[in-house]
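Engineer: Encoded as C-alpha cells, here's the structure I'll be asking about.
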C-alpha cells in the first residue's frame, strides 16, 4: 500500500489551487474596499404598502423585501406586541419611516443599504446629524472595535446636554462643544457598552468600544452551526472569547482554555511542544472508549479530537462555543456523548479592509524539579545509588544545567477585504518552539484562504475555504521511563556529571570503529538508565503531519423565513513518524546495532450535509424556528508500520532504513472504511418571547453496527423577567431571569471492526495462524451486534442578570447515565479468540456548574471579572454478570503494579468511581497504628489491591479578571483544583536510590521513627519502595489540591501619529507563574500521558514550565 505524501509538493499544489481560486474570485466578484452609499437615494425609494394591524417587526420585514434594505436594531427597541396599520401608495421610504417612528422615540441612520435604528433620547436629529449651535471647541476622532474595525453610526453626545453627533462610515466624527472644563462625552452603539470619556483639554479622542457580552441581540451558535436567540436556548452553553483564550499564547492553543471553561478538565500533553492535551467535559462517561468532546469547525464535525484542532491557527478563530450537555449536542447523535466544542473561523467583511499582524516571543523554564539530597554519596563507584557515606562535594546542579530554556516564537499575519458581493480572508502563521529538553523542537506553518460571496440581492451566498497545516516535531519526547529523565534524576551524588555532559555523552570505540554511549550506569533495571544526553541525541523520535481542510458551503434564501444550505468538507491528514536508536543504546530499548522504526498513516474524511433552516412568526404570539437535514460521513484510514524488535538488531550499525531490519521485525498494515448517515430535525416553538419549547431528533445509520439508532432530546426555556426595555435604574436589581430544563439521549459510537466476526484468525510475523484477539460476545442465542454506548441525560439551569446586566449568574445541574459500556471478558477455550467484547456496565456523572460575571467601571477603570466553578460526582452503577472477577482492570501501572485502576463490585454499599486507585498499603491495627516486624519495619498488606484514593478533582474553579485604564490593560487568571490525588512513580525511584531530600534528612536524623522506634533510613526506604519493584502506593499518593496563577498579562496601546496604523498594542505575558497553594512536592497537573486511565499517574513526566514573554499586535 502506498500512502506516502511529500508535504512540500502538497503545499505547492494547495498554493496553486488557492491562487487560481483567488484570481477567479477577484475577477468575477470585484473584491474592493467598499465606499459609502448614497443615503438620500435609499430614502427616496418609492414603495406601496397596505398593512392592517400587523406587528412592527413584520412590517419592517416587508419593507426589507420591497426596498432591498436591511434594518439593524436591538431586540428591545421595537416592541414585538405593538401593531400598526398603514395605507401607503408610491411614497418615499424616508416618509414611511418618519410615519412609523416619529411618535415612538426612534431615529434612524442610513449606512449603505442598512438602516440603523436607535433611541433618540436627548438628541435632536436632522438628516441623521445632531443639531449643534455652539462652536467654542471642536473635538474629533475615530471609533473602532477591539479588532480595529471602524464603527459607523456610533452616537456621541455631551453628557447631560442635547449636543451630539454620530460617526460616519469610516468611524470618524467631529463635534463642537462649549469648552472643555468638566465636559464628558458619552459613546453608545448597539451591541457595545456605553463609555464615558472626560475630554480633559484634548481635541482628538480615539476610542475602542467594548462589546456588550450581555447584549440582547447577541446570537448563540448551536449544533450544526445554526444561530439562535440566547433566550430560546434550553441547555447549558458557554462562549469563550478567542481574544481571551489566546491573550497568553501557548504553542498548542487548546492549553489556553484551562481554567476558562466551567466543568472542563484539561490535561496538558507531556511530550513537549506540539503535544495535544486531553479535554474532559462533565467527567468520564466511557470506561474504555472515547471520552473527549466532539470538535466542530464551521458547523462540520472533525476527526481526531483535540489533537487535530490543537494545530489550528488561533488567530483565525472568530468564536468558541462549548456545548457541554447531551441536549446541546443531541443533533450529533453517536458523537455527542462527551459534549461538543464549536469553533467558527474569521471571514472577510463588507466594507472592511485591514491587515492584522501579531508576534509573540516567550521563554520558559522547568519548575518544580525533584528535591534531591546532596550530602550522601555512592555505596559503590560503579552503581548509581546514593546510600553511601556523607560527603562534602555533593551537588544537584546537573539538574538545572540539563534542562534548557525553551523558546517559542509565534508570528501571524492576515488580510481581509470585502465589497457588497465578495469578501476575502487570508492568513499565514508560523510557530517555532524549542522545548526544555535538548534537541526537542517544533516547526509549524498554517495557511488559510476563505472566500465568501453573495449574489441575486443576497439571496444566494457562497463560502469556500482551504486550510493547510504542516507540523514537524524533532526529537519528540518519550513518555515515562524511556525518556531522558530516569538518567538525569538518578545520577548519583558525588560523581562528576561533567564527564558525561553534552560534550561527552559519547566516546570513540576503536573496536567497533564508531562512537558509543558514555555512561557507567547502564543496567537492565525497572527503568532504562542511560546518559540523558545520549537519549536526547541518539534516541531520536521525529514526527510530521500534513493536514488539509477544504470546505464549500452554499446557502439559498427560498423565502424571507426559509433557507436551503448545502455543505461539503474534505479533511485530509497524513502522519509520519520515525525512531532511530543508535548502537550501544541500552539492551531493553534496542539491539546491539541499534533500532529503527517508521510508521505512516492517512485519514480521509468526507462530510456533507443538506439543511433546510426556517424561522417564522406564525402569529402575533408564536414563533417557530427549525432545521431539517441529512448528513453523510465517509472516513478512510490507512496505516503502515515497520520496526525492529528487541533484542533483534539492525543488519548494520546505525543504518536506519527498512532495508536494515534484520530477521524478525514488527510489521503491520491496515485499511479501514466507515460510513455514517443521519436524518435529523430540530424545532423551537416560542410563545410571546417568554416560553420556548425545543425538540430535536436524529436517526443514525452506521457501518459499525447493523441496525439504526434514534437519539431524541427535548428542552424548555421560561423567561421570568426580561428587562431589556427598562430604562437603566438603580432600582432594577433583577434585570433578566430565565429557567431551563432539558432531557436528551446521545451515543458514543463503536470502534471500527469491533462487531466483525471474520476473519477469526490472523498470520503472525512467522506466518503462523493465530486466533483473533477479541470478538463480539456470542453464545448461540445472543445477538451478533453490540450496541453503541448510550447516554441519557437531564439538566436544569437558570440564568440571572442583576444591576442593569452588570452582574450575571449561570447555574446548571446535570445528571447523565451512560449504559452499554464496552468491556472485554476472557473467552473460553476453543472460542477462536482470546477475549469477547460485551455491553456490560453503567456509569453516572452528576454535578453542578456555575459562571458568575461582573462588568463595571471604577471611574475611568473598566473592570470585567468572571468566576467559573464546577463539581462532578462520577459513580459506577452496574457491571455485567459476565464479569467473573470482583474487579475489572482498566489499567495496571508498570509490571510492579504500583497502582491499578479498577472498577469494583460493591461489597457493602455502592460501586466505586472511574479513577479509583488500588495498591499496596501498610498494615494497621484497629486503632490505626502501624504493624511492624521484628526489625521495626512497617508490614506490607497481604492484599496488594487496597483502595488508595481517586484521581479526579472534587471541585474546579477559575477566576479571570481584566482591567482597562486609558491605554493600559491588565488581566490575570487564577486556576484552582480541589481534591483528587496523584501517584508519583518518580518519588518511588528517588527514595529507592537514596536520592530524595527526605531520605537525606532521615539519615541526618539517625533514621525514621516508627511507633517510637528508630529504624535505619536505608532499610526503611528499601522496604517502602519494594526495592524499586513493589512499592507501598499509599505512601506515594499525594493530594492534588492546588491554586495557581495560570496567566498574567499587562498591555499598552501605543499612541499613534499616522493613519496607516489603526492599532498598536504591546503586552508582557506570563504563564504558570506560581502557586498560591499546593500540597504535593511536585506539580500535580503533570501526568505520564493523556490517556483517561493514566489520569493521576506521574512517572518521570516532563516537569511543568513557567513562561514569560512579550506580545505585539498591530492592525493596519
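Residue numbers (the UniProt record's numbering): 1 to 1116. Cβ atoms here follow ideal geometry from the backbone N, Cα and C, with glycine treated the same way. Just so it is clear, the structure is predicted and the values come from calculations on it, not from any experiment.
#1: Ignore the nearest five residues each way along the sequence and tell me which others in residue 1109's own chain have a CB closer than 7 Å to its CB.
#2: Confirm, please, whether the CB-CB distance from residue 294 to residue 335 is below 8 Å.
#3: Can you tell which of 983, 110, 817, 343 has its C-alpha closest to the C-alpha of residue 309?
#4: Who are residue 542's beta bridge partners in DSSP?
#5: Residue 836 by DSSP, collapsed to three states: which one?
#6: Residue 683 and residue 630: beta carbons closer than 8 Å?
#7: Rounded to the nearest angstrom, what separates residue 429 and residue 206 at their Cα positions?
#8: Using the Cβ count rule (16 or more neighbours within 10 Å means buried), how would you classify residue 672?
#9: Say whether the stretch 1042-1060 touches the stretch 922-938, bearing in mind that this needs 3 or more beta-carbon pairs closer than 8 Å, one atom from each stretch.
#10: With burial defined as no fewer than 16 other Cβ atoms inside 10 Å of the residue's Cβ, what is the status of residue 938: buried or exposed?
#11: Using 8 Å for Cβ pairs, my map puts residue 407 next to residue 433. What's the rounded Cβ distance?
#12: Find the nearest neighbour of residue 985 within the set 1006, 1052, 943, 1082, judged by alpha-carbon distance.
#13: Taking the alpha carbon of residue 278 as the point to measure from, which residue in 299, 300, 289, 305 has its own alpha carbon closest?
#14: Which residues does DSSP list as the beta-bridge partners of residue 398?
#15: Could you tell me the distance, in whole angstroms, from the CA atom of residue 804 to the CA atom of residue 42?
#16: Rounded to whole angstroms, how far is the Cβ of residue 175 from the Cβ of residue 96, which I believe are closer than 8 Å?
#17: Within the same chain, show all residues whose beta-carbon is closer than 7 Å to that of residue 168, passing over the 5 residues directly before and after it, in chain order.
#18: Can you say whether residue 490 is buried or exposed, counting buried as having 16 or more other CB atoms within 10 angstroms of its CB?
#19: Classify residue 1013 as buried or exposed, calling it buried when 16 or more other Cβ atoms lie within 10 Å of its own Cβ.
#20: Apart from the five residues on each side of it in sequence, which residues of its chain come closer than 6 Å, Cβ to Cβ, to residue 1111?
#21: Assuming residue 221 contacts residue 319 under a Cβ cut-off of 8 Å, what Cβ separation, rounded to an integer in Å, is found between them?
#22: Among 586, 544, 250, whose alpha-carbon lies nearest the alpha-carbon of residue 531?
#23: May I ask which residues mark the beginning and end of the alpha helix (DSSP H) holding residue 482?
#24: If I measure Cβ to Cβ from residue 504 and keep anything under 7 Å in the same chain, skipping five residues before and after, which residues do I get?
#25: I need the straight-line Cα distance from residue 1002 to residue 492, nearest angstrom please.
#26: For residue 371, which residues of its own chain have a beta-carbon under 6 Å away from its beta-carbon, when the five flanking residues on both sides are left out?
#27: So, residue 947 versus residue 916, is the Cβ gap smaller than 8 Å?
#28: So, residue 84 versus residue 100, is the Cβ gap smaller than 8 Å?
#29: Between the stretch 464-484 and the stretch 529-544, can you find at least three pairs of beta-carbon atoms closer than 8 Å?
#30: My output table needs one value for residue 1025: the three-state DSSP class, helix, strand or coil.
#31: Cβ of residue 704 within 8 Å of Cβ of residue 681?
#32: Check whether the Cβ atoms of residue 994 and residue 376 sit closer than 8 Å, and answer yes or no.
#33: Could you check whether the stretch 311-329 touches the stretch 238-247, counting it as contact only if at least three pairs of C-beta atoms, one from each stretch, sit closer than 8 Å?
#34: Could you check the C-alpha separation between residue 30 and residue 355 for me, to the nearest Å?
#35: Any idea what DSSP makes of residue 486, helix, strand or coil?
#36: Do three or more CB pairs link the stretch 537-546 to the stretch 558-566 at distances below 8 Å?
Structural biologist: Result, derived from the coordinates:
#1: Position 1109 of the chain shown, counted from the first residue, corresponds to residue 1109. Contacts found: 360, 361, 362, 363, 1069.
#2: To locate residue 335, count along the chain shown from 1; it is residue 335. To locate residue 294, count along the chain shown from 1; it is residue 294. Result yes, Cβ atoms of residue 335 and residue 294 sit closer than 8 Å.
#3: Taking the chain shown and counting its residues from 1, the one referred to as residue 309 is at position 309. Taking only the C-alpha atoms, the option nearest residue 309 is 343.
#4: Counting from 1 along the chain shown, the entry for residue 542 is found at position 542. For residue 542, which the question treats as bridged, DSSP gives the partners 578.
#5: To locate residue 836, count along the chain shown from 1; it is residue 836. Residue state for residue 836 is assigned as strand, using DSSP reduced to three classes.
#6: The residue given as residue 683 occupies position 683 in the chain shown. The residue given as residue 630 occupies position 630 in the chain shown. A distance of 8 Å or more separates the beta carbons of residue 683 and residue 630.
#7: Here residue 429 corresponds to residue number 429 of the chain shown, with the count starting at 1. Here residue 206 corresponds to residue number 206 of the chain shown, with the count starting at 1. If you take the alpha carbons of residue 429 and residue 206, they lie about 30 Å apart.
#8: Position 672 of the chain shown, counted from the first residue, corresponds to residue 672. Under this definition residue 672 is an exposed residue.
#9: The stretch 1042-1060 is not in contact with the stretch 922-938.
#10: Numbered from 1 along the chain shown, position 938 holds the residue referred to as residue 938. By the neighbour-count criterion, in which a residue is buried when 16 or more other Cβ atoms sit within 10 angstroms of its Cβ, residue 938 is buried.
#11: Along the chain shown, read from residue 1 onward, the residue named residue 407 stands at position 407. Along the chain shown, read from residue 1 onward, the residue named residue 433 stands at position 433. Yes, they are in contact, since the Cβ atoms of residue 407 and residue 433 sit about 7 Å apart, within 8 Å.
#12: The sequence position of residue 985 within the chain shown is 985, counting from 1. Nearest option by C-alpha distance: 1082.
#13: As a first step, residue 278 is located in the chain shown; it is residue number 278 there, counting from the start. Ranking 299, 300, 289, 305 by Cα distance to residue 278 puts 305 first.
#14: In the chain shown, residue 398 corresponds to position 398, counting from 1. Paired residue(s): none; residue 398 is not in a bridge.
#15: As a first step, residue 804 is located in the chain shown; it is residue number 804 there, counting from the start. As a first step, residue 42 is located in the chain shown; it is residue number 42 there, counting from the start. Looking at the two C-alpha atoms, the distance is approximately 36 Å.
#16: By one-based count along the chain shown, residue 175 stands at place 175. By one-based count along the chain shown, residue 96 stands at place 96. Under the criterion of beta carbons closer than 8 Å, residue 175 and residue 96 do not qualify as touching, at roughly 30 Å.
#17: Position 168 of the chain shown, counted from the first residue, corresponds to residue 168. Around residue 168: 152.
#18: Along the chain shown, one-based indexing puts residue 490 at 490. Under a 10 Å Cβ-count criterion, residue 490 is classified as buried, with 16 or more other Cβ atoms of the shown protein chains found around its own Cβ.
#19: Counted from its first residue, the chain shown places residue 1013 at position 1013. By the 10 Å Cβ count, residue 1013 comes out exposed.
#20: Here residue 1111 is taken as the residue at index 1111 of the chain shown, counted from 1. 360, 1067, 1069.
#21: If you number the chain shown from 1, residue 221 lands on position 221. If you number the chain shown from 1, residue 319 lands on position 319. Right, their Cβ atoms sit about 6 Å apart.
#22: The residue given as residue 531 occupies position 531 in the chain shown. For residue 531, the nearest C-alpha among the options comes from 586.
#23: For the purposes of this step, residue 482 is taken as residue 482 along the chain shown, with counting starting at 1. Run containing residue 482: none; DSSP gives neither H nor E here.
#24: Sequence index remark: in the chain shown, residue 504 carries index 504 (1-based). Closer than 7 Å at Cβ, skipping near neighbours: 518.
#25: On the chain shown, position 1002 is the one that residue 1002 refers to. On the chain shown, position 492 is the one that residue 492 refers to. Their backbone Cα atoms lie some 18 Å apart in a straight line.
#26: The residue given as residue 371 occupies position 371 in the chain shown. Excluding sequence positions up to five before and after residue 371, its CB lies within less than 6 Å of the CB of 997, all in the same chain and listed in chain order.
#27: Within the chain shown, residue 947 is the residue found at index 947, counting from 1. Within the chain shown, residue 916 is the residue found at index 916, counting from 1. Yes; because the gap between Cβ atoms is below 8 Å, this pair is in contact.
#28: Along the chain shown, one-based indexing puts residue 84 at 84. Along the chain shown, one-based indexing puts residue 100 at 100. Yes. Within cutoff.
#29: yes
#30: Position 1025 of the chain shown, counted from the first residue, corresponds to residue 1025. Of the three classes helix, strand and coil, the one that applies to residue 1025 here is helix, per DSSP.
#31: Reading the chain shown from its first residue, position 704 is the one you call residue 704. Reading the chain shown from its first residue, position 681 is the one you call residue 681. It is not a contact, given that the beta carbons lie outside the stated cut-off.
#32: The residue you call residue 994 lines up with position 994 of the chain shown. The residue you call residue 376 lines up with position 376 of the chain shown. Taking 8 Å as the Cβ cut-off, residue 994 and residue 376 qualify as a contacting pair.
#33: yes
#34: Within the chain shown, the letter at position 30 stands for residue 30. Within the chain shown, the letter at position 355 stands for residue 355. A caution first: residue 30 carries a pLDDT of 38, below 50, which makes its placement in the model unreliable, though a value can still be read off. Cα to Cα, residue 30 sits roughly 19 Å from residue 355.
#35: Counting from 1 along the chain shown, the entry for residue 486 is found at position 486. It is helical.
#36: no
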